[in-house]
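**Q** Have a look at the structure that comes next, please.
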Amino acid sequence: MQDIPAVMIIFGGSGDLAHRKLYPALFNLYEQGLLHAHFAVIATARRPWSHAFLQEQVADAIHEVNPEVDEEHLTAFASHFYYQSHDVTKVDHYVTLKNLAAKLDQKYHAQGNHVFYMAMAPRFFGTIATHINDQRLTSTGFNRIVVEKPFGRSLETAEELNRQITACFEESQIFRIDHYLGKEMIQNILPLRFANPLMRQAWNHEQIANIQVTLAERLGVEARGGYYETAGALRDMVQNHIFQIVTLLAMPEPTDPSANAVHQAKQTLLASLQLPTPEQVSQHFIRGQYAASDRTFAYRNEPNVAPDSTTETYVAGQIKFTAGPLAEVPIYFRTGKALKEKMSRVDVVFKPVKSFYGEATANYLTIEFDPKNCLTLSLNGKQIKGPGLRQEQFTYALSDYETSIVPDGYERLLHDVFVNNSVNFTHWAELKRYWEFIDAIESAWQAENATGEPAIAQYPPYHYGPHSSRKIFATTDMKWIYG
Ligand SMILES: NC(=O)c1ccc[n+]([C@@H]2O[C@H](COP(=O)([O-])OP(=O)(O)OC[C@H]3O[C@@H](n4cnc5c(N)ncnc54)[C@H](OP(=O)(O)O)[C@@H]3O)[C@@H](O)[C@H]2O)c1
């Protein structure tokens, strides 16, 4: 791998994301030689750390995921890290930051290349982008900016944030990160669909009855009630992760694997996204909040949550496109907190066939991507004893060895930022469409809230969510494959 020269500036360098994800990912890229002699990282946050203390923190972060690490390599790696105490709201701090970046650029021969990473609460993204622009922090080489989720909380706020970022960066320099797009089985969707004759033939509205996407979490909101109250499951999970997965499942075949071609195919699909009317929202979308268990609080009793909160911790609904391979095929989704187990999966349900055996059970293909990485195909076969058919399941799971070499999503995506490949990042045109869909639902829900009788189901924690989620299916004989 090449040794890409760059100075990376991380806003939020003392935070959880930097510690748990970014530092270990950067270390792995360093070990692979993608970043080596010519890179430096400036971590910024308000607390008064020294360079040496940051370097200890970086080393701790690597030890936590890799206790067997080569200590010499780790010390060499950590020596590339510099700390700048910086309040992102204070203009003069950007001047100090700019000077340090220029000094490190010289020291490491980083060729004027800058990567900015916004690893902070989203309310600061616009402020940081504006100051980067006003204080001219961009440099003479490549300038790229990585923006964490959520990117806005409505179309209007996303547009405002995008305006602030594009004042300084072109679309091709903006990497809106969604770590689901770095997951092994998510990256496997396009090869699975397009490189297998079996799947290519069957992946269309004539053969597929529906698709079900489940992103279930076992944990409740924990200490993040304050943030969650401003988001809810729809904005927190559907606007980004679920839409990214759905787009990969339903898009037409890109002309080639390049970022441009893939984004073009996604945008072609999204032009035909059906935005739900308020009637369709009440018919096809279910929201819920987890109730108390004997050991845990109900959502409304969690710290920093309003006792009459209408924020949903669960949402189920459907997405449909009028064009593309899956035109008019319902794509059902659900996501929620305090559910039975952590489980991220896609179930593709094929239409059943009638044969001389009568109507056989539908085949389905399951793609599990968290916590396991596996594919399961269900097929019909003969009963071993007696007449009739039975359903058989064929599972392909990554071996322990394969699992051990799968890079973390952040490592993959940071790699792509350095090599300038935006294929697994969200283009503004896509994000805009996702927000249009989310806004349509939010506005129907707000109107319903205003009546004083919002339909928010209280579901028992650690099960499969509200019973009413079955209501979203087009016919009564349809059901969730999982749960
Ligand atoms: N954590 C994850 O696993 C994860 C996963 C996916 C996405 N994300 C996204 O990543 C972003 C960061 O999340 P996080 O969990 O790392 O948050 P966090 O642990 O709360 O870290 C926030 C960081 O911002 C700094 N900060 C706060 N106010 C500041 C200010 N005025 N000026 C300068 N620095 C300031 C904090 O340090 P000081 O207090 O010292 O200033 C800290 O370094 C969020 O957008 C989140 O949605 C996180």
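Going from the sequence shown to our numbering is simple: count from 1 and add 182. In this text, a Cβ means the ideal position worked out from N, Cα and C, and glycines have one as well.
Helix or strand or just coil, what does DSSP make of Arg594?
**A** Helix at Arg594.
**Q** Pull up the CB-CB distance for His296 and Ser261, whole angstroms please, since I reckon it's below 8 Å.
**A** Rounded, the Cβ-Cβ distance is 20 Å, inconsistent with contact.
**Q** To which residues of the same chain is Thr412 closer than 7 Å at the C-beta, ignoring the five residues directly before and after it?
**A** Only Arg335 meet the Cβ criterion.
**Q** Tell me the DSSP bridge mates of Thr558?
**A** Beta-bridge pairing links Thr558 to Thr548, Thr577.
**Q** In whole angstroms, what is the alpha-carbon distance linking Ala474 and Pro643?
**A** For Ala474 and Pro643, the distance between alpha carbons rounds to 7 Å.
**Q** Excluding the five sequence neighbours on either side, which residues of its own chain have a C-beta within less than 7 Å of the C-beta of Arg417, listed in chain order?
**A** So the qualifying residues of the chain are Pro332, Arg335, Ile620.
**Q** Cα separation between Ile371 and Ser232?
**A** Distance between the alpha carbons of Ile371 and Ser232: 44 Å.
**Q** Taking a contact to mean a Cβ-Cβ separation below 7 Å, would you say Thr495 touches Gln471 in this structure?
**A** Yes; because the gap between Cβ atoms is below 7 Å, this pair is in contact.
**Q** Confirm, please, whether the CB-CB distance from Leu343 to Gly294 is below 7 Å.
**A** No, the pair does not count as a contact, with Cβ atoms beyond the cut-off.
**Q** So within the region 248-312, which uninterrupted beta strand (DSSP E) runs reach at least 3 residues, ignoring any that extend past its ends?
**A** Entirely contained in the region 248-312, the beta strand (DSSP E) runs reaching 3 residues are, in chain order, 263-267, 296-300.
**Q** Does the beta-carbon distance from Ile424 to Val395 come in below 7 Å?
**A** Cβ distance < 7 Å, so Ile424 and Val395 count as in contact.
**Q** Could you tell me whether any non-hydrogen atom of ligand 1 is closer than 6 Å to the CB of Pro485?
**A** Incorrect: Pro485 has no Cβ contact closer than 6 Å to ligand 1.
**Q** Rounded to the nearest angstrom, how far is the Cβ of Ala301 from that of Ala200, given a contact under 8 Å?
**A** Their Cβ separation, rounded to whole angstroms, is 5 Å, which keeps Ala301 and Ala200 in contact under 8 Å.
**Q** Nearest to Leu451 by alpha carbon, out of Glu353, Ala432, Glu399?
**A** Here the closest residue by C-alpha is Ala432.
**Q** Going by DSSP in three states, Tyr641 sits in which element: helix, strand or coil?
**A** Tyr641 falls in the strand class under three-state DSSP.
**Q** Which first and last residues belong to the alpha helix (DSSP H) in which Asn378 is found?
**A** Looking at the DSSP string, Asn378 is not in any alpha helix (DSSP H), and its letter there is neither H nor E.
**Q** Cβ-heavy atom distance between Met302 and ligand 1 below 6 Å?
**A** Because some heavy atom of ligand 1 lies under 6 Å away, the Cβ of Met302 counts as near it: yes.
**Q** State yes or no: is the C-beta of Val270 nearer than 6 Å to some heavy atom of ligand 1?
**A** Because some heavy atom of ligand 1 lies under 6 Å away, the Cβ of Val270 counts as near it: yes.
**Q** Among the residues of its own chain, which have a CB less than 6 Å from the CB of Ala626, if the five just before and after it don't count?
**A** Pro460, Val463, listed in sequence order.
**Q** Where DSSP assigns a beta bridge to Phe503, which residues make up the other side?
**A** Paired residues: Leu455.
**Q** Can you tell which of Glu253, Leu547, Tyr299, Ala505 has the C-alpha that lies nearest to the C-alpha of Glu213?
**A** Minimum Cα distance to Glu213 is reached at Glu253.
**Q** Exposed or buried, what is Asp185 when buried is set at 16 or more other beta-carbons lying within 10 Å of its beta-carbon?
**A** Exposed, by the Cβ-count rule.
**Q** Check whether the Cβ of His358 lies closer than 6 Å to any heavy atom of ligand 1, and answer yes or no.
**A** Inspection of the sequence shows that residue 358 is occupied by Arg rather than by His. Arg358: no, Cβ never under 6 Å from ligand 1.
**Q** Spatial neighbours of Pro304 within its chain, please: C-beta separation below 6 Å, excluding the five flanking residues on both sides.
**A** Result list for Pro304: Pro332, in chain order.
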